[in-house]
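Presented below is the structure to which this report refers.
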Amino acid sequence: MNVVTVGIDSETVDMLRDAGHELTTTDAFGTEALREAGVEEADAVVIGAGYPTQVVVAKDLNPDARVVVVADDVPEFVRGNADLIISTELADRLPDALEGNEE
21 MNVVTVGIDS
31 ETVDMLRDAG
41 HELTTTDAFG
51 TEALREAGVE
61 EADAVVIGAG
71 YPTQVVVAKD
81 LNPDARVVVV
91 ADDVPEFVRG
101 NADLIISTEL
111 ADRLPDALEG
121 NEE
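This is how it looks when you write it as structure tokens:
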């Protein structure tokens, strides 16, 4: 699966790579940064806690991508735009969440 991560720690990035996902990572903000990272072609976008506005940008660029937020506290507008929100405690389930296999 082609995945773009935004503001995700290196341990989680490594876990996603180990699960066989093709990753592009960025810590940048804005439409152009997400375009350069490949969000328009991504199957999924994983966004960290410090990047809530990027959820809306990612969905605007690629409405078909599964947008997953890894955070413990998210603003209300994120809840209405993200496909899935998982707590940082459950980040080890991220590979399954990307495939839609979350329990």
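Its first residue numbered 21, the sequence shown is counted upward by one per residue in the working numbering. The beta carbon of each residue, even a glycine, is placed where N, CA and C say it ideally should be.
Pull up the distance between the alpha-carbon of residue i and that of residue j, whole angstroms please.
| i | j | result |
| --- | --- | --- |
| Leu114 | Gly50 | 24 Å |
| Val90 | Ile67 | 6 Å |
| Arg42 | Met21 | The displayed chain sequence assigns Glu, not Arg, to residue 42. About 6 Å. |
| Pro83 | Leu54 | 13 Å |
| Ala62 | Leu110 | 23 Å |
| Ser30 | Asp38 | 12 Å |
| Pro95 | Pro72 | 7 Å |
| Val4 | Val77 | Coverage of the chain is limited to positions 21 through 123, which leaves residue 4 absent and any answer about it impossible. |
Buried or exposed for residue i, going by 16 or more other Cβ atoms inside 10 Å?
| i | result |
| --- | --- |
| Leu131 | Given that the chain is displayed from residue 21 to residue 123, the structure contains no residue 131 and the question cannot be resolved. |
| Thr108 | exposed |
| Leu81 | buried |
| Val87 | buried |
Which two residues bound the contiguous beta strand (DSSP E) that contains residue i?
| i | result |
| --- | --- |
| Arg86 | 86 to 90 |
| Asn22 | 22 to 26 |
At what residues does the alpha helix (DSSP H) containing residue i begin and finish?
| i | result |
| --- | --- |
| Leu104 | No alpha helix (DSSP H) holds Leu104; the beta strand (DSSP E) holding it covers 104 to 106. |
| Leu118 | 114 to 119 |
- What residue ranges within the region 35 to 97 form continuous beta strand (DSSP E) runs of no fewer than 3 residues, ordered along the chain? Entirely contained in the region 35 to 97, the beta strand (DSSP E) runs reaching 3 residues are, in chain order, 42 to 46, 64 to 68, 86 to 90.
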